[in-house]
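A.B. asks:
What follows is the structure, given as structure tokens:
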């Protein structure tokens, strides 16, 4: 995919040196922009240079200056944008606006931040985060030429050029850290996995292809994201079988998270360890010795946290039936068992005489007389039915409840259920 090159130009009298990239590729020039462009010559089709008035005068026009060097490379798609120095907030905001206006939707950027006034990289950092969200821009590389490691320019000038070897730092990881942190925060805050899935494709997939699937951390991250995606989709749609399946994979999931968090030679990004610890903490709700239906009940807390109120009522009520059936050694997927227990809850709550019972009377009687927890949970179960019906009718019933009441009641029913089950 063709990329856009973006750079600021400074005002100093730059000295020639050998700029060396992390892969040891190197170029002799006094402008880092030329080194970066030469390295990625076949990848770039647009060139954006942001110039202050002094930068244009000192380093753009004239023999041996940046425009002359670009001409020698036969680069034609060059656009210059005049910017102020950024000495006050209004100027910084204007620079922000110019950056946004001159970068196209879905652009892929290769950026050099070396020769710029100290406030501009900070402005650029904010712009990049803005562009990623608003214009779906992706960051391919961010480079910084560390000429200062050579020492005082006066001393450097006395050395022959071949002895002036300055590293060009690939600091793309700073943007990547923001991407991973933002994606994980998005999941933890809203229960949305889309940003992590995008990173699984753009950041993890190439590593797995290059290593033929042998990078442990990349494999572990891909597994975690896939399982989270499956769990969230199952919660959205109340697919209990898929929820149970994910719960059954908790040990594998936790082991994969430990690989990301604890592997010392994490070559992807050591800085994503702390955000992934937060995912591990979130998933501890699935840890413990409780049976699978109890853990599924605990996941209602995610529904409350993420405001999935309808799903929460459905999962809490249906898993109450499953939990009681398991405690009484019955098949919790068997339709007649579920219907009989549901009837028993209703009979106990409303004190319905046996002559008015409907269904398998023997099964219902067994539930009402012999099942543990039936009497304790009958009120909650029937209240859940009422609230669940209210939601499913979309507010068209008379005296329908307000949205805030539905959320508050779900939280109450959830906490009350745990209180009873943990006695």
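Residue numbers (the working numbering): 11 to 433. Where a beta carbon is used, it is the ideal one built from N, C-alpha and C, also for glycine. Bear in mind that the values here come from a model prediction, so they are computed numbers and not experimental data.
Helix, strand or coil for residue 381? Go by DSSP, reduced to three states.
C.D. replies: Looking at residue 381 - three-state DSSP - the assignment turns out to be coil, as it is neither helix nor strand.
A.B. asks: Which of the three DSSP states is assigned to residue 197 in this structure?
C.D. replies: If DSSP states are grouped into helix, strand and coil, residue 197 belongs with the helices.
A.B. asks: How about the stretch 23–35 and the stretch 101–115: do they share at least three Cβ pairs that are nearer than 8 Å?
C.D. replies: As far as the Cβ criterion goes, the stretch 23–35 does not touch the stretch 101–115, which means the pair count is below three.
A.B. asks: Taking one C-beta from the stretch 69–77 and one from the stretch 178–188 each time, how about it: are there three or more such pairs within less than 8 Å?
C.D. replies: They do not touch, by the three-pair rule.
A.B. asks: Please classify residue 329: is it buried, with 16 or more other beta-carbons within 10 angstroms of its beta-carbon, or exposed?
C.D. replies: Buried: at least 16 other Cβ atoms inside 10 Å.
A.B. asks: Flag this pair as touching only if the stretch 219–226 and the stretch 243–259 have three or more C-beta atom pairs under 8 Å; answer yes or no.
C.D. replies: The stretch 219–226, when compared against the stretch 243–259, does not touch it at the 8 Å Cβ threshold.
A.B. asks: If you measure between the beta carbons of residue 300 and residue 292, is that distance less than 9 Å?
C.D. replies: Going by C-beta atoms, residue 300 is not nearer than 9 Å to residue 292.
A.B. asks: What do you get for residue 97, buried or exposed, if any count of 16 or more other CB atoms within 10 angstroms of its CB means buried?
C.D. replies: Exposed: under 16 other Cβ atoms inside 10 Å.
A.B. asks: Under three-state DSSP, which class holds residue 112?
C.D. replies: Coil, per DSSP.
A.B. asks: Considering only C-alpha positions, which residue in the set 27, 407 and 77 is nearest to residue 168?
C.D. replies: Per the Cα distances, 27.
A.B. asks: Going by DSSP, what residue range makes up the alpha helix (DSSP H) through residue 254?
C.D. replies: Counting along the chain, the alpha helix (DSSP H) containing residue 254 begins and ends at 250–258.
A.B. asks: Please go through the same chain and pick out, in chain order, the residues whose beta-carbon is closer than 6 Å to the beta-carbon of residue 12, but skip the five residues on each side of it.
C.D. replies: If we look at residue 12 and ignore the five residues flanking it on each side, its Cβ neighbours are 55.
A.B. asks: Could you compute how far the alpha carbon of residue 232 sits from the alpha carbon of residue 263?
C.D. replies: Roughly 11 Å separates the two Cα atoms.
A.B. asks: Would you please state the rounded distance, in angstroms, between the beta carbons of residue 149 and residue 182? I believe it to be under 8 Å.
C.D. replies: 6 Å between Cβ atoms; contact.
A.B. asks: Report all residues from its chain with a CB closer than 6 Å to the CB of residue 283; omit the five preceding and five following residues, and keep chain order.
C.D. replies: So the list reads 271, once near-sequence residues are dropped.
A.B. asks: Does the ligand ZN have a heavy atom nearer than 8 Å to the CB of residue 48?
C.D. replies: Here there are no bound small molecules, and the ligand ZN is not part of this structure.
A.B. asks: If you draw a straight line from the C-alpha of residue 143 to the C-alpha of residue 381, how long is it?
C.D. replies: Approximately 54 Å, taken between the alpha carbons.
A.B. asks: Exposed or buried, which one is residue 368 when buried takes at least 16 other CB atoms within 10 Å?
C.D. replies: The residue is exposed, with fewer than 16 neighbouring Cβ atoms inside 10 Å.
A.B. asks: Three or more C-beta pairs under 8 Å: does that hold for the stretch 395–413 against the stretch 363–377?
C.D. replies: The stretch 395–413 is not in contact with the stretch 363–377.
A.B. asks: What did DSSP end up calling residue 394 once you bin it into helix, strand or coil?
C.D. replies: If DSSP states are grouped into helix, strand and coil, residue 394 belongs with the helices.
A.B. asks: Does the beta-carbon of residue 133 have 16 or more other beta-carbons within 10 angstroms, so that it is buried, or is it exposed?
C.D. replies: Result: buried.
A.B. asks: Considering only the beta carbon of each residue, do residue 387 and residue 310 sit closer than 9 Å?
C.D. replies: No, the Cβ-Cβ distance between residue 387 and residue 310 is not below 9 Å.
A.B. asks: Going by the beta-carbon positions, is the gap between residue 166 and residue 25 smaller than 9 Å?
C.D. replies: Contact flag set, yes.
A.B. asks: So residue 423 and residue 326 are in contact, right, with Cβ under 8 Å, and what is the actual spacing, rounded?
C.D. replies: Rounded, the Cβ-Cβ distance is 6 Å, consistent with contact.
A.B. asks: Could you name the residues that DSSP lists as bridge partners for residue 60?
C.D. replies: Per DSSP, 18 and 91.
A.B. asks: How is residue 162 classed by DSSP in three states: helix, strand or coil?
C.D. replies: Three-state DSSP puts residue 162 in coil, outside helix and strand.
A.B. asks: Quick check: what's the CA-CA separation for residue 228 versus residue 240?
C.D. replies: Distance between the alpha carbons of residue 228 and residue 240: 18 Å.
A.B. asks: By the three-class DSSP mapping on this structure, what secondary structure does residue 410 have?
C.D. replies: DSSP places residue 410 in coil when its eight states are reduced to three.
A.B. asks: According to DSSP, which residues form a beta bridge with residue 37?
C.D. replies: For residue 37, which the question treats as bridged, DSSP gives the partners 29.
A.B. asks: Here's the rule I'm using: 16 or more other beta-carbon atoms within 10 Å means buried, otherwise exposed. How should residue 216 be labelled?
C.D. replies: By the neighbour-count rule (16 or more Cβ atoms within 10 Å), residue 216 is not buried but exposed.
A.B. asks: Near residue 317, which residues of its chain fall below 8 Å by C-beta distance, leaving aside the five closest residues on each side in sequence?
C.D. replies: Correct list, in chain order: 417.
A.B. asks: DSSP puts residue 180 in a beta bridge; with which residues?
C.D. replies: Note: residue 180 sits in a beta bridge opposite 153.
A.B. asks: Just how far apart, CA to CA, sit residue 408 and residue 313?
C.D. replies: Using only the alpha carbons, I get a separation of about 26 Å.
A.B. asks: Measuring straight from C-alpha to C-alpha, what distance separates residue 101 and residue 155?
C.D. replies: Near 26 Å, if we compare the C-alpha coordinates of residue 155 and residue 101.
A.B. asks: If you drop the 5 nearest sequence neighbours on each side, which residues of the same chain put their C-beta closer than 7 Å to that of residue 192?
C.D. replies: Here the set comprises 205.
A.B. asks: Reducing DSSP to helix, strand and coil, say where residue 118 ends up.
C.D. replies: It is a strand residue.
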